[in-house]
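Participant: Top to bottom, those sequences are chains A and B.
Using the working numbering, you'd call the opening residue of the first sequence number 740 and step up by one each time.
Using the working numbering, you'd call the opening residue of the second sequence number 740 and step up by one each time.
Where is the CB? At the ideal position from N, CA and C, for every residue including glycine.
2 protein chains.
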Amino acid sequence: MERIGFIGLGIMGKPMSLHLLSAGYPLCVLDVVQSAQDQVIAAGARAGASPQEVAAQSDVVITMLPDSPEVEQVVFGKAGVLTGLRAGSLLIDMSTILPSMARRVAQAARAQAADALDAPVSGGQVGAQNATLSIMVGGAPAAFARAQPIFEKMGKNIVHVGEAGAGQIAKMANQIIVGVTILGVSEALLLAAKAGADPAKVREAISGGFAQSRILELHGQRMLQRAFQPGFKVKLHRKDMAIALNTAKELGVALPASANVAELLNALIANGGAELDHSALVTMLEKLANFQIPTTSI
Amino acid sequence: MERIGFIGLGIMGKPMSLHLLSAGYPLCVLDVVQSAQDQVIAAGARAGASPQEVAAQSDVVITMLPDSPEVEQVVFGKAGVLTGLRAGSLLIDMSTILPSMARRVAQAARAQAADALDAPVSGGQVGAQNATLSIMVGGAPAAFARAQPIFEKMGKNIVHVGEAGAGQIAKMANQIIVGVTILGVSEALLLAAKAGADPAKVREAISGGFAQSRILELHGQRMLQRAFQPGFKVKLHRKDMAIALNTAKELGVALPASANVAELLNALIANGGAELDHSALVTMLEKLANFQIPTTSI
């Protein structure tokens, strides 16, 4: 079995790494938070001293980090992954980062005769815990085939989207649609409630037609119940919208609704909502309207 | 069986009225376009000379008109429905209009001891032809019960949303979500394509998760195939977005994404797209980006 190195044992990385351990993979792990690392070591993993050492002792190196700067640091930094990455090994970054950064990582790995995949996920903490993550993969077909059995220990809907960066592009598209649909559902339910209708009845009436979406179903219900414990945190979605808008700027594409979503998430963070579920976006429109959707019993 | 008057025999009203005829209802019809009226008369309906005469000879009067001004004219105008509406009769407006106008109509009907329902539909021409429309109904429960057998001849998903105006409010919420989701899907697929990924692969990768919607499924495919024959016409969706934004202005609610959708539909009409399917909204973002999503073979 391939020896796996796993760097980044946060809310996502910890359950993902534990699934790999359970499947019998020899695992070498590293996190800046000692306590997170200790738990995975207690379950049978070895501790790596640095990204360099993790890479030097692994056939496959997985990184699961918060954002592009952390990936840049861990991969390109002093005693980083690249300083230890062996020819013939495979570097899989499962963080959600800029597609352009994913391509830089892939290029650097190839320059050392190693392979690389960008493989961001969706499905959140619950998906990580239940090994039901959606995994969107960019990179060479052979590298994807090599990684497939590993992905299958962590996720279910695993799609090879295209070449290096394509996984991050798919994740970016996903986060745009999720954010904009949350905004659309917020505008619709808020206006309906302010106009005097029962927003739960309205949601029921429109759920069977063209307005149907997972967001109307799940986040719409959260809005009606004011169930804003996460779920997917506002601060993470703002980060992902920044990736989309930065990429759009690089490429000269105007994204008016995505920009609105990012602004409202910024406002929500300024109002103390960073740790809430992203469906709490609706509360910023409520604030602007000086009106709150009545809670219902659905 | 109740005698039904049907005013407005356009792309929607004609097939709807024909279903009522097939079900055996005695029908008196009226349209400003003589040829539309002739076809329904050939199928067994009588012609009414004016809204007044149609109302005077009917137990239930249905109107299916383009917009609020037409409903105002037909209901409140000279020789309008109200001048002929009998006590105990039922006025059902199935047009998509301002909720505030729907309430005015209901109030006027009640002042003449008649009942009224606002019952806008979604599902388009195909839904009207196949009698599979979704019908969102506002008005008194007894009036809804009386109308139910009639609605069942024209639609399938029939929901009593609340009091007068609630049907229009639900329709407004529906059109907001549909428009904003189209914009979100447009932004996502355009950015993905410009970033170098295959947008069809991206759509496939994200369809199973939180980004899932009927719009991603149906309108997303239209965008990838550039299949912009309607469907639901741009000019009609712009009209519906104007209803939502006017209502939002009346009520002091800010709808940033809906405003973007309305602006882009305006631009599309200025560019000759009034008769296209509303998924053609994506072409305005393409114009701004000076880049077109490549057509694919999906």
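Would you say B:L928 reaches chain A, if we count a Cβ-Cβ gap shorter than 8 Å as a contact?
Facilitator: Taking the second sequence and counting its residues from 1, the one referred to as residue 928 of chain B is at position 189. By this cut-off, B:L928 is an interface position.
Participant: For a test of the three-state rule: what should DSSP assign to A:G744, helix, strand or coil?
Facilitator: Sequence index remark: in the first sequence, residue 744 of chain A carries index 5 (1-based). In this structure, A:G744 counts as strand in the three-state DSSP scheme.
Participant: Give me the DSSP bridge partner(s) of A:T802.
Facilitator: Translated into the one-based positions of the first sequence, residue 802 of chain A becomes position 63. DSSP output for A:T802 lists A:I746 and A:D832 as bridge partner(s).
Participant: Leaving out five residues before and five after B:R785 in sequence, what residues of the same chain have Cβ atoms less than 6 Å from its Cβ?
Facilitator: As a first step, residue 785 of chain B is located in the second sequence; it is residue number 46 there, counting from the start. Counting only Cβ-Cβ distances below 6 Å, and skipping sequence neighbours, we find C767.
Participant: The alpha helix (DSSP H) that contains A:M777, what's its start and end?
Facilitator: Residue 777 of chain A sits at position 38 when you count from the first residue of the first sequence. For the record, residue 777 of chain A in the displayed sequence is Asp; it is not Met. Counting along the chain, the alpha helix (DSSP H) containing A:D777 begins and ends at Q773 to A781.
Participant: What does B:R843 reach in chain A if we use C-beta pairs closer than 9 Å?
Facilitator: Counting from 1 along the second sequence, the entry for residue 843 of chain B is found at position 104. Neighbours of B:R843 on chain A: none; closest Cβ ~14 Å, over 9 Å.
Participant: Which residue or residues does DSSP assign as beta-bridge partners of B:N896?
Facilitator: Indexing the second sequence from 1 puts residue 896 of chain B at position 157. B:S873, per the DSSP bridge assignment.
Participant: How far does the beta strand (DSSP E) with A:A855 in it extend, from its first residue to its last?
Facilitator: For this step, residue 855 of chain A is matched to residue 116 along the first sequence. Taken as a continuous stretch (DSSP letters only), the beta strand (DSSP E) holding A:A855 covers D854 to D857.
Participant: Using a Cβ-Cβ cut-off of less than 7 Å, give me the residues of the segment 865 to 887 of chain B that come near chain A, in sequence order.
Facilitator: S873 and M875
Participant: Starting from the beta carbon of B:R953, find every residue of chain A whose beta carbon is closer than 9 Å, and list them in chain order.
Facilitator: Start at 1 with the first residue of the second sequence, and residue 953 of chain B comes out as number 214. Within chain A, the residues near B:R953 are G948, F949, A950, Q951 and S952.
Participant: Pairs of beta-carbons, one from the segment 899 to 908 of chain B and one from the segment 772 to 781 of chain B, closer than 8 Å: are there three or more?
Facilitator: no
Participant: Starting from the Cα of B:K978, find the closest Cα among B:D832, B:A826 and B:L837 and give me that residue.
Facilitator: Taking the first residue of the second sequence as position 1, residue 978 of chain B is located at position 239. Measuring from the Cα of B:K978, the nearest candidate turns out to be B:L837.
Participant: Just grab the DSSP bridge partners of B:R785 for me.
Facilitator: Residue numbering aside, residue 785 of chain B sits at position 46 when the second sequence is read from its first letter. B:C767.
Participant: Please list the partners that A:I915 has in chain B, where partner means a Cβ-to-Cβ separation under 8 Å.
Facilitator: In the first sequence, residue 915 of chain A corresponds to position 176, counting from 1. Residues of chain B passing the Cβ test: G923, E926, A927 and L930.
Participant: Which of helix, strand or coil does DSSP assign to B:K972?
Facilitator: Residue numbering aside, residue 972 of chain B sits at position 233 when the second sequence is read from its first letter. Here B:K972 sits in strand by DSSP.
Participant: Quick one: what does DSSP say B:V992 is sitting in, helix, strand or coil?
Facilitator: Taking the first residue of the second sequence as 1, we reach residue 992 of chain B at position 253. Coil.
Participant: Taking C-beta to C-beta, are A:L1020 and A:S925 nearer than 8 Å?
Facilitator: The count along the first sequence starts at 1 and reaches residue 1020 of chain A at position 281. The count along the first sequence starts at 1 and reaches residue 925 of chain A at position 186. Going by C-beta atoms, A:L1020 is nearer than 8 Å to A:S925.
Participant: Hey, how far is the Cα of B:M1023 from the Cα of A:S839?
Facilitator: Here residue 1023 of chain B refers to the residue found at position 284 of the second sequence. Here residue 839 of chain A refers to the residue found at position 100 of the first sequence. Whole-angstrom Cα-Cα distance: 26 Å.
Participant: Check whether the Cβ of A:N999 lies closer than 8 Å to any Cβ atom in chain B.
Facilitator: Residue mapping note: residue 999 of chain A aligns to position 260 of the first sequence, counting from 1. Taking 8 Å as the threshold, the shortest C-beta distance from A:N999 to chain B falls below it.
Participant: So, is A:T1034 buried or exposed, given that buried needs 16 or more other C-beta atoms within 10 angstroms?
Facilitator: Taking the first sequence and counting its residues from 1, one reaches residue 1034 of chain A at position 295. That one is exposed.
Participant: Taking A:Q851 as the reference, which of A:A987, A:P754 and A:A794 has the closest Cα?
Facilitator: The sequence position of residue 851 of chain A within the first sequence is 112, counting from 1. Residue A:A794 is the option with its Cα nearest to A:Q851.
Participant: Cβ of B:A905 less than 8 Å from any chain A Cβ?
Facilitator: Here residue 905 of chain B refers to the residue found at position 166 when the second sequence is read from its first residue. Any Cβ of chain A closer than 8 Å to the Cβ of B:A905 would place that residue at the interface, and such an atom is present.
Participant: Any residues in the segment 977 to 1002 of chain B with a beta carbon nearer than 7 Å to a beta carbon of chain A? Which ones, in chain order?
Facilitator: A983, T986, A987, L990, G991, V992, A993, L994, P995, A996, S997 and N999
Participant: For A:P808, count neighbouring Cβ atoms within 10 angstroms of its own Cβ and tell me buried if that reaches 16, exposed if not.
Facilitator: One-based indexing of the first sequence puts residue 808 of chain A at position 69. A:P808 should be labelled exposed.
Participant: Are the C-beta atoms of A:L1024 and some chain B residue less than 8 Å apart?
Facilitator: Locating residue 1024 of chain A in the first sequence gives position 285, counting from the first residue. With 8 Å as the cut-off, A:L1024 counts as an interface residue toward chain B.
Participant: Identify, in the order they occur along the chain, each residue of the same chain with its Cβ nearer than 8 Å to the Cβ of B:Q812, setting aside the five sequence neighbours on each side.
Facilitator: Looking up residue 812 of chain B in the second sequence gives position 73. Once the five neighbours on either side are set aside, the close Cβ partners of B:Q812 are G819.
Participant: Buried or exposed: where does A:T986 fall if 16 or more other Cβ atoms within 10 Å of its Cβ makes it buried?
Facilitator: Against the first sequence, residue 986 of chain A aligns to sequence position 247. Buried: at least 16 other Cβ atoms inside 10 Å.
Participant: Considering only DSSP beta bridges, list what A:D1016 is partnered with.
Facilitator: By 1-based counting over the first sequence, the position of residue 1016 of chain A is 277. In the DSSP assignment, A:D1016 is bridged to A:K972.
Participant: Along chain A, which residues have their Cβ under 8 Å away from the Cβ of B:V810?
Facilitator: Start at 1 with the first residue of the second sequence, and residue 810 of chain B comes out as number 71. Proximity of chain A to B:V810 at the Cβ level (cut-off 8 Å) is not reached, the minimal Cβ distance being about 18 Å.
Participant: How many Å lie between A:Q951 and A:M740 at the Cα?
Facilitator: Sequence index remark: in the first sequence, residue 951 of chain A carries index 212 (1-based). Sequence index remark: in the first sequence, residue 740 of chain A carries index 1 (1-based). Distance between the alpha carbons of A:Q951 and A:M740 is about 44 Å.
Participant: Is there a Cβ of chain A sitting closer than 8 Å to that of B:T920, yes or no?
Facilitator: By one-based count along the second sequence, residue 920 of chain B stands at place 181. Judged by the 8 Å Cβ criterion, B:T920 is in contact with chain A.
Participant: Taking the alpha-carbon positions, what's the B:A1028 to B:L955 distance?
Facilitator: For the purposes of this step, residue 1028 of chain B is taken as the residue at position 289 of the second sequence. For the purposes of this step, residue 955 of chain B is taken as the residue at position 216 of the second sequence. Using only the alpha carbons, I get a separation of about 21 Å.
Participant: For B:S952, which of helix, strand or coil comes out of DSSP?
Facilitator: Numbered from 1 along the second sequence, position 213 holds the residue referred to as residue 952 of chain B. In the structure shown, B:S952 sits in a strand (DSSP, three-state: E or B).
Participant: Using a Cβ-Cβ cut-off of 6 Å (strictly less than) and excluding sequence neighbours within five positions of A:Y764, which residues of its own chain qualify?
Facilitator: Position 25 of the first sequence, counted from the first residue, corresponds to residue 764 of chain A. Non-local beta-carbon contacts of A:Y764 in its own chain, meaning distances under 6 Å to residues more than five positions away in sequence, involve M740 and I743 in chain order.
Participant: Please compile the residues from chain B whose C-beta is within a distance smaller than 7 Å of the C-beta of A:E943.
Facilitator: As a working note, residue 943 of chain A is residue 204 in the first sequence. Within 7 Å Cβ-Cβ: V898.
Participant: Taking the CB atoms as reference points, tell me whether B:A886 and B:L829 lie closer together than 8 Å.
Facilitator: Indexing the second sequence from 1 puts residue 886 of chain B at position 147. Indexing the second sequence from 1 puts residue 829 of chain B at position 90. For B:A886 and B:L829, yes; Cβs fall inside 8 Å.
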